[in-house]
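Step one of this worksheet: look at the structure below.
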Amino acid sequence: NGPPSGLNGSALRQCARRLAKYGVNLARMHGAVFDKVGEADLKHVARTQEAVAALKAEGIYSHFSIYFPLWMTPTADHPWLKGYNGKTHPFAALMFNPEFQEHYRSWWKALLLTPDALGRRLVDEPAVFGVEIQNEDSFFFWTFNPDQIPAAQMEILETQFGVWLQNKYGSLDSAQLKWGDTRAKRDDFAAGRVGFRPLWNIFNEKTARDRDTAQFLFETQRSFYTDTVKFLRGLGFKGLITASNWATASPEVFGPLERWSYTTGDFIDRHGYFGVTHKGDNAEWSIRNGHTYADRSALRFEASTPGQPKQFVHPAMDITYAGKPQMISETTWNRPNRYRSEAPLYFAAYGALQSSDAIVHFALDGANWSVKPNFFMQPWTLMAPSQIGQFPAAALIYRRGLVKPGDVLAQIDLNTNDLLNLKGTPLPQDANFDELRLKDVPNGNETTPGQRLDPLIHYAGRVEVNFTDTPSKTTLSDLNPLLGRTTKMVRSSTRELALDYEKGLLTINAPEAQGASGNLKAAGEIALADLNLQSGLDNAHLILVSLDGEPIVRSKRMLLQVMSEERATGFATEDVGNGLKKITDIGKDPWQVKKLQGTVTFKAAGGLRIQPLDFNGYPKGDSIRGAELSLAPETIYYLVTRAP
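Numbering (this note's numbering), first residue to last: 1 to 644.
Structural data, given as structure tokens:
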């Protein structure tokens, strides 16, 4: 997600060049192109045009995300968003308020159709990969709360619901007879307006009224996306379009409805963060002295709260819906967290295994290697050694498919009528699942209604979900050879990836990519197909990738990349019990990386030359010959060549 706001001219071009050099080929431009009132802002449009051109020059595609409800706080006298007070945000309103939709469409017209100084329009620009209709909003998330949305807005939607019910039942009286005594506090049947019960009641009680409500909300949301896609195509836009990317109040019941509503677009998007327990003033978006936090390893599936059972949920877990490509357009390991360096290889390896089509890290809040690019320290800073510093090898693994896609291990056919009747899915995405639920997963390849599939399936291969008019059905491979719950070892169906989630160790053993990530100290010597690894670090990431398309055993040009963990200079904490630390000093520039250590031994060492590189990829010091490399404490990259 970038480039950073405020960049222009040579600084912007330099930023684009750096991103390309580290392996980035897509940037999501996440920002408003409207002013505080909600009118199109041509200054924002001009900045976007310049950024697209700078990225294009370096071979990087652009993706536009121009609307997020948190960017608007309509005032009490707002001309076309009535009922707000200047402090709240218009959640859900875009999907049902026609006047809002008209202004929203004017933003797209301004962005896509306004010529730049050379007469070029973004609607014609092939480097614009795609557009996103709206960011993080849904009828099925907790922000759809009639008590929090202004009455003037709710009355619009309640009237639409009343019309929908009259079309279905012939009259509102008939609808009430069907529903029985189920009521909502904003009901006004005499005025033709029908209220909405809280989402919790809908996905738990599933009454006849709740089922009608879910169907109406789904149809309204999907129709908004369908109409917007048609509008954008009418402007002449030929790129890819995605609907939204949000979570729901119930991953099991509402989650598949949300994803189904997205299928009117060209691909399915989502967001997900690997967070830690982090508390203190404004901890949601900043890191400050006095905050408390706990480190957390994804390689061990540690719970966000120290000492709790393992939690088998992670944003890397992906599903292919309706045969469409899938993207995760916001993700990261939040900091502070010493295990943040797990992220790049983890996403690259499991993204490749699951055939994830785009992984977009959040966020490039600064163009330089700064621990605090802006006036506050963010939890998501991407311009860090542990993140972009590990992109080169990670990008090669992911973009070149150096880890093969896994087998389809589960095909889930969800009957659409069942979904509208709130029967849900056996594999909810982004749903918490801990060790206490293991008794509920199927053993073998037989499933029964109501069973949850083991979420570790995502670390073994692929999952496909189809929305059908035939009976719901789950076709499941026998996962027992791959998911070792007693040994706490998960192997991919390709046998190229193995995750020991007791130690916290991922090994990658593919023909063109070999290495290990995590607690190398506990692993001892790691024997891979073409090399052996060893390190005394309990948080290290060593990976060797082919650069010439040949298997490592005969490759003539390879990159060896090494990382440990990072922290800001002067960062300091004190233990406060229960696994928590209190920040006493957030630190300052520059970034510090824990000294690297270990050995890499090549099994076929004939003709090998190893050239240490600096942080920008240029030769540093003398080259090394021989089968064994002792890692230098301050060298992250090595170019490994083999004589013909």
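We treat Cβ as the ideally placed atom computed from N, Cα and C, and that holds for glycine.
Residue i, DSSP secondary structure in three states
i: Ile508; result: strand
i: Tyr61; result: strand
i: Pro126; result: coil
i: Gly255; result: helix
i: Ser546; result: strand
i: Asp649; result: Because the chain is modelled from 1 through 644, residue 649 falls outside the range shown and cannot be assessed.
i: Val360; result: strand
i: Glu39; result: coil
i: Gly9; result: helix
i: Gln166; result: helix
i: Ser630; result: strand
i: Val229; result: helix
i: Lys521; result: helix
i: Glu302; result: coil
i: Trp142; result: coil
i: Gln387; result: coil
i: Gly323; result: coil
i: Trp179; result: helix
i: Gly515; result: strand
i: His271; result: strand
i: Glu464; result: strand
i: Ala53; result: helix
i: Ile66; result: coil
Residue i, buried or exposed, once every other Cβ within 10 Å from all chains shown has been counted against 16
i: Asn509; result: buried
i: Leu345; result: buried
i: Leu177; result: exposed
i: Asp137; result: buried
i: Gly59; result: exposed
i: Glu496; result: buried
i: Ala630; result: Note that residue 630 is Ser in the sequence shown, not Ala. With fewer than 16 other Cβ atoms within 10 Å, it is exposed.
i: Asp575; result: exposed
i: Arg51; result: One point to set straight first is that residue 51 is Ala, not Arg, in the sequence displayed. By the 10 Å Cβ count, Ala51 comes out buried.
i: Gly180; result: exposed
i: Ser65; result: buried
i: Leu70; result: exposed
Straight-line Cα distance separating residue j from residue i
i: Gly570; j: Asp589; result: 9 angstroms
i: Asp478; j: Arg120; result: 55 angstroms
i: Leu422; j: Arg211; result: 7 angstroms
i: Glu132; j: Lys595; result: 42 angstroms
i: Phe237; j: Leu427; result: 35 angstroms
i: Thr381; j: Glu565; result: 15 angstroms
i: Ile610; j: Ser535; result: 19 angstroms
i: Val545; j: Tyr339; result: 22 angstroms
i: Phe203; j: Thr143; result: 15 angstroms
i: Gly504; j: Ser10; result: 43 angstroms
i: Ser623; j: Ala283; result: 46 angstroms
i: Phe375; j: Ile586; result: 13 angstroms
i: Leu165; j: Pro79; result: 30 angstroms
i: Arg259; j: Phe218; result: 10 angstroms
i: Met317; j: Tyr350; result: 8 angstroms
i: Asn519; j: Phe68; result: 39 angstroms
i: Pro309; j: Arg300; result: 11 angstroms
i: Val253; j: Ala516; result: 37 angstroms
i: Tyr618; j: Tyr637; result: 9 angstroms
Cβ-Cβ distance between residue i and residue j below 8 angstroms
i: Ser356; j: His271; result: no
i: Met95; j: Phe139; result: yes
i: Ile241; j: Leu235; result: no
i: Leu26; j: Phe91; result: no
i: Gly406; j: Thr487; result: no
i: Ala214; j: Leu257; result: yes
i: Asn1; j: His30; result: yes
i: Met377; j: Ser286; result: yes
i: Thr599; j: Ile583; result: no
i: Leu456; j: Phe312; result: yes
i: Thr332; j: His361; result: yes
i: Leu353; j: Gly461; result: yes
i: Gln390; j: Gln561; result: yes
i: Asn85; j: Ala93; result: no
i: Asn415; j: Ala322; result: no
i: Glu502; j: Leu402; result: no
i: Ala608; j: Leu639; result: According to the sequence provided, residue 608 is Leu. The question's Ala does not apply to it. Result no, Cβ atoms of Leu608 and Leu639 do not sit closer than 8 angstroms.
i: Leu118; j: Ala54; result: no
So does the stretch 547 to 557 actually touch the stretch 270 to 287, counting three or more Cβ pairs closer than 8 angstroms? Taking a cut-off of 8 angstroms for Cβ pairs, the stretch 547 to 557 and the stretch 270 to 287 do not touch, as fewer than three such pairs fall below it.
Please determine if the stretch 189 to 200 and the stretch 154 to 163 are in contact, where contact requires at least 3 C-beta pairs separated by less than 8 angstroms. Segments in contact, yes.
Taking one C-beta from the stretch 254 to 267 and one from the stretch 276 to 285 each time, how about it: are there three or more such pairs within less than 8 angstroms? No, they do not touch.
Using 8 angstroms as the cut-off, can you tell me whether the stretch 239 to 253 makes contact with the stretch 288 to 298, which would need three or more C-beta pairs spanning the two stretches below that distance? No, the stretch 239 to 253 does not touch the stretch 288 to 298.
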